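Chemist: Top to bottom, those sequences are chains A and B.
According to this note's numbering, the first sequence holds residues 1 to 690 in order.
According to this note's numbering, the second sequence holds residues 691 to 1267 in order.
Ideal Cβ placement from N, Cα and C applies to all residues, glycine included.
These figures come from a predicted structure and were not determined experimentally.
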Amino acid sequence: MIRIGIDVGGTFTDLVAFDESIGKYFNLKIPSVPRDPSDGVLKALKTFLESNNDKPVRMIVHATTIGTNALFGQIDLELKKTAFITTRGFRDLLEIGRQRRAEVYNLFFKRPPQLVERRHRYEVEERIDHMGRVLTPLNLKELDEILEDIQKEGVVSVAIGFLNSYANQKHEIEASGRVANRFEKFYVSASSNISNEYREYERFSTAIVNAVLMPIIDSYLSRLCSSLKEIGLEAPLFVMQSNGGLATAEVASRKPSSIVESGPAAGVIASAWLGGLIGEESIISFDMGGTTAKAGTICKLKPEIVSDYEVAGKVHMGRLVKGSGYPVRLPFIDLAECSAGGGTIASVDEAGVLKVGPLSAGAYPGPACYGHGNTQPTITDANLILGRLNQRVLLGGKMQIFPDYSRLAFESLGEKLSVSVEDAAESVIRIANSMMAKILRIVSVERGFDPRRFTLIVFGGAGPMHACALAEELRIKKIVIPPNPGMFSALGLLASDFFHDFVKGIMKTVDELEIDLIENSFLKMEEEGRMTLSSEGIEPDRMRFLRMIDLRYLGQSYELTVDAQKPFSSDALDSAIADFHSKHRDVYGYSMKSEKVEIVSIRVRAIGEIPKPLLRKKLTKRRTQKKEERRVFFEGLESWVETPIYERGQLTTGCEINGPAIVEQYDSTSVIYPDWSAVIDAYDNIILKR
Amino acid sequence: MNALKRDLTTIEVIKGALIYAAEEMGIALKKSAYSPNIKERMDHSCAIFDSGRRLIAQAEHIPVHLGSMTFAVREGLRYRGDLEEGDMLLFNDPYISGTHLPDLTLVAPVFYKSDIVGYVANKAHHTDIGGKTPGSIAGDSTELYQEGLIIPPVKFVKEGEIDEELSNFIKVNVRTPEVQMGDLRAQIAANNLGIARLIELIENYGLETVQDAMNAVMDYSERRVRAELEKMPEGTYTASDFLEDTGNEENPVEIKVEIAIKEGNIIFDYEGTSKQVNGPVNAPLGVTIAGIYFTLVSVTDPNIPINDGCFRPIILNIPKRCLLNPERPAPVAGGNVETSQRNVDVLLKAFSQIIPERIPAAGQGTMNNVSLGGLREDGTPWTFYETIGGGSGGRPGSDGVDGVHVNMTNTMNTPIEAIEAYYPIRFESYSLRPDSGGAGEWRGGCGIVRSWTLLSPTATVSILAERNKIRPWGLNGGSPGAAGEYMLRRADGSMVKLPSKCTLRVYKGETLLIHTPGGGGYGSPLKRRPEYVLKDVKNGFVTIGSAERVYGVVINPLTMELNLEETERLRSKMRGD
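(1) Hey, is Pro1050/B's beta-carbon within less than 7 Å of any beta-carbon in chain A?
(2) Where does Ile819/B fall in DSSP's three states?
(3) What do you get for Gly1127/B, buried or exposed, if any count of 16 or more other CB atoms within 10 angstroms of its CB means buried?
(4) Verify whether the separation of the beta carbon atoms of Ser1061/B and Gly825/B is less than 7 Å.
(5) Kindly indicate which residue of Ala361/A, Ala235/A and Tyr198/A has the alpha-carbon position closest to the one of Ile1106/B.
(6) How far does the alpha helix (DSSP H) with Tyr1112/B in it extend, from its first residue to its last?
(7) Anyone know if the C-beta pair for Leu147/A and Ala295/A falls short of 7 Å?
(8) State yes or no: is the beta carbon of His1095/B nearer than 7 Å to at least one beta carbon in chain A?
(9) Answer with buried or exposed for Ser195/A, where buried requires no fewer than 16 other C-beta atoms within 10 angstroms of its C-beta.
(10) Can you tell me which of the three DSSP states Ala462/A falls into?
(11) Indicate whether at least one CB of chain A lies closer than 7 Å to the CB of Tyr710/B.
(12) Going by the DSSP bridge assignment, what does Phe502/A pair with across the sheet?
(13) Is the region 1210-1223 of chain B touching the region 1103-1123 of chain B in the sense that three or more CB pairs, one from each, lie closer than 8 Å?
(14) Could you have a look at Tyr364/A and say whether DSSP puts it in helix, strand or coil?
(15) With a CB to CB cut of under 6 Å and the five nearest residues on each side skipped, what residues in its chain are close to Leu1194/B?
(16) Cα-Cα, which of Tyr220/A, Ser271/A, Ala471/A and Val587/A is closest to Arg254/A?
(17) If you follow the alpha helix (DSSP H) that Thr532/A is in, where does it begin and where does it stop?
(18) Tell me, please, whether the CB atom of Glu1111/B is closer than 7 Å to any CB atom in chain A?
(19) Nearest to Asp149/A by CA position, among Arg121/A, Ser324/A, Gly23/A and Tyr166/A, is which residue?
(20) Could you check what DSSP says for Val987/B in three-state terms: helix, strand or coil?
(21) Output the distance between the C-alpha atoms of Arg100/A and Lys617/A, rounded to the nearest integer angstrom.
(22) Please report whether the beta-carbon of Thr963/B lies at a distance below 7 Å from any beta-carbon of chain A.
(23) Per DSSP, Gly1080/B forms a beta bridge with which residues?
(24) Starting from Ala351/A, find everything on chain B with Cβ-Cβ shorter than 8 Å and list it in chain order.
(25) State buried or exposed for Phe48/A, treating a residue as buried only when at least 16 other CB atoms are found within 10 Å of its CB.
(26) Between the alpha carbons of Lys803/B and Leu773/B, how many angstroms are there, rounded?
(27) Any beta-carbon of chain B closer than 7 Å to the one on Arg475/A?
(28) Find the nearest neighbour of Glu1200/B within the set Tyr1176/B, Lys952/B, Ile892/B and Thr1143/B, judged by alpha-carbon distance.
(29) Could you check which residue in Pro1009/B, Thr1249/B and Asn938/B has the C-alpha nearest to that of Gly962/B?
(30) Among Asp902/B, Thr700/B, Gly937/B and Gly872/B, which residue has its Cα nearest to the Cα of Cys1192/B?
(31) From the beta carbon of Gly318/A, is the nearest beta carbon of chain B less than 7 Å away?
(32) Whose Cβ in chain B lies nearer than 8 Å to the Cβ of Lys110/A?
(33) Anyone know if the C-beta pair for Met548/A and Thr532/A falls short of 7 Å?
(34) Hey, would you say Pro303/A sits closer than 7 Å to Val268/A, going by beta carbons?
(35) On the criterion of 16 or more Cβ atoms from any shown chain inside 10 Å, does Asp1035/B qualify as buried, or is it exposed?
(36) Under the rule that 16 or more other beta-carbon atoms within 10 Å means buried, what is Gln748/B, buried or exposed?
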């Protein structure tokens, strides 16, 4: 049986297939088709099937950026007309948002465009208070008039968000039922159904993001499913969600807000899976591709999660700029990002200072050395000048490169800085490294983790060239470079379970709490999870349910999530509170045992486990054979060194190499700095130690 | 390898690390603080200084702290400079720290091999520092002494330990001592982190290289700001605007500035500004400077790293005993929140003559401070404070932003669901005010309507706001934005209009209706593209009547289609062709 993972990125579509019977991989990389990503997916699958049509395919897992691209306003992904129905008096709540400016000193700052125009935001008479009591019943006559207008306006998707619906879903359920009954082809997203947390703006925004994406994702996935059948693939299609778990295409179509950051999550999941395999529990995952670098943290094999994410927002110095995108209150894998990829362009600013990024030459035209017309210097060109990349060909000989073009690009940069080509290249590398070190600090030091106690797993085509420099900067002692760094993210698609997250806002202090009601709410969410997982074909013995609870000190505005035991009793509550105090101490440096504790929300994660790829350990031991030598510059030595070059495919389990050295392969190049030694482990990973 | 050029890259890397260290201090402070004011509203700032007390890097979230930090460190250390390793100086005296009493400033020296190599500092707005009203921002004080506990620079931390006597002294003078101590501990933690980061850098790169980098980052910013100033035409430009009253007196108070651009420098002269007043709207010098820095950063390039270098081209003349440079014991609580806004309005108005293509019309020009509190049905006390956004001014090339905080503040609102869960009030509306944005080729942003009904027997409400009488100005032919309006609806349905600065008692079932000002418009409304007017009408930002009366755009109310012929005729008539 074969499992296939397909990761569609901005530049490449990566396919990884894993043959369970023989424990072997198949990798394929083709250019993406931005106009219609499913074209790239089908092309990759057809290519794979040409040589592998004898084996049955068990499942296809897909990561896609189509959701984000649509919200970023990509042409060809036009958002369909969407309406929003809310409580009388509050239709502008969405537009006001949190009333902040994303950029304090920018007098020309603009909010991201409203996903629902004001005239399509409707108010209906109804009101529920914070205890869930109905103060004013839902006015059905008014609602019907609104629905009539909505129909006339040619709206295809409707979001519903009422104040305090986290405390009582009644009116939202009634209104969605009314919409569904009236118009069969309508898409409906009720806020308490998508993310039932308190904080009206974020909850409404989540529902609206869901509503605008539903028509797009539904048509994309159903088209893709039928195309798969046409080429003879009957295997079910799954989609990676932003929380790192899988969902079926059907579930993803109903809740597309959960797949907006589908792609980046996969790399972190792959790192966690690899960590489990080789016995590394604390990992910083680092992915450097063509346009950006991304970092994430994994503690005890669990990726760190955030739930206050904004999609299509701006990133500044590694951090998301609050208020620049559309809030989605769902769990996302926590990532920091900066514009440093192989194609990132270096330039000199008005005051004569060297800057790296944010512009990128992408994969096409790509770095100057590709010879496709870009004449600006990139990070890849800098690596080429410093001898780190092969001077003739890339992609295992499939692609010719032109070092002269790199030099030409760097000559003009060097002139502006009055330095030599080599000095300019070294400066670009050092500045790019300092930017990337910063995102590694954001996900470690800033989150309260000491990077020296973590192992760095490095991937993406460009990552392994910068790994040693970054590890030295953060004083990390161990680096793992997986066998196919350029395909590693796609591998994560095969290493994930099904996850479905449920949440219910509570907003009560612990002494006001009715324990039975909480237990009932937990059971209800678990039942929802069970139903979703069964619909995805998961057997009951492969289902697991994690209960969590968000607590904070009364009056605070930030909550912490701790585990909750089953069944939820007063003992379970006490132990959750004790965990909260100690977690508060860990994260914020103090706890206040005498303060009142408040339960903000309760959460359930329903997990459907699927078997992971099992790699076989290899025990062969072969002598290491270098293929050539070339002069490479190492900034630590401040000099050029005649450096041995190895072919990754020739390095097998047990091989040892001492830095400085370079390992070349089809999809990546690893640079081993002086003072580092490498050994190939039983799974063909390069393990670097200092 | 060329040694000199090599160092330039090292300096670039250290520059980045210094800025990052200030940011990291800010994150540590926000994370470990207790009060939502710091945690959620982010009313705090952190900064790193060199041994010459020059600002190297600052992470600020509230513009009013910008610049006032430099002032605070310089003045605080002048007052008490004998710092040993492990000491930290605490103070809030507005005449030394530069901002109002609730802002507590904490400064620490950084020692390396027994020499002071720099300073780290932070400033955080505390929820209470004593005085006559909860929250320490009364709208009717006549002397500083009524506004809270005044702390001159004292060694709050000695050899790494909090001075218990000072700590007890502060605790008994404030309403919520545990919150204040929690936030102060967070301030200490932030400074300790800054010290550690600076020492790490020195250990990694050597003192001399780090100092070179500090000088380089300041020189770089200076070059960038001077380059921006050189693009501006030389000359002198004046502007003035008014606060509508002082809280205690009805008369308007003038702020007047003359900006001169000369030989790469920029001179700010406030000669002619009103004398200091007998109400809490005096702005301490730090707040005034913050307004100048905010404006300069905004009109040059916000991407220039903010440090001492940016401000080297500035020459100041702010007369003593005027509204913007008052003398003890003038009260100053509202200087941060209201006067700072008007100062920026005046400065931007002056800049609109220098670089008209880069200056918007006036924004709402107030923060709409509303504090309320009382007893619940069960007798437990509650207090709540918020500031409310309004319209930002129309801009050359784009409309103003609707319902947003402008210029000197940028705090978030509190979710309605949180307020209703904690406090005995129920919201009636939170929406945008149609027709409140000043008309113009580029419309001013709309103000906000925010209203709630009291559910408990009674409560006290304090309002500190502006622009209820004098509307935010338009530019280049644009109309002013709508004035703000505060109203109380009695239980019997009758309406009472409230002044913009007042304290009153409200009773169960009464509703406070707050209408915040809209932004001014930019350019003549008759030049606005009819399609934009139609879109605004369809979306309800502009009424169909105003479209015709103000914009000269004729829309068929039945089909909601433009009548371009009629529009041209009407506009030509309105222009007086």
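Modeler: In short, the structure shows the following:
(1) yes
(2) coil
(3) buried
(4) yes
(5) Tyr198/A
(6) Ile1106 to Tyr1112
(7) no
(8) yes
(9) buried
(10) coil
(11) yes
(12) Val604/A
(13) no
(14) coil
(15) Val1151
(16) Tyr220/A
(17) Ile515 to Ser535
(18) First, the amino acid is wrong: residue 1111/B is Ala here, not Glu. Yes, Ala1111/B lies at the interface with chain A (some Cβ there is under 7 Å from its Cβ).
(19) Arg121/A
(20) helix
(21) 54 Å
(22) no
(23) Val1094/B
(24) Tyr910, Arg913, Arg914 and Ala917
(25) buried
(26) 15 Å
(27) no
(28) Thr1143/B
(29) Pro1009/B
(30) Gly937/B
(31) no
(32) Ser1088 and Val1091
(33) no
(34) yes
(35) buried
(36) buried
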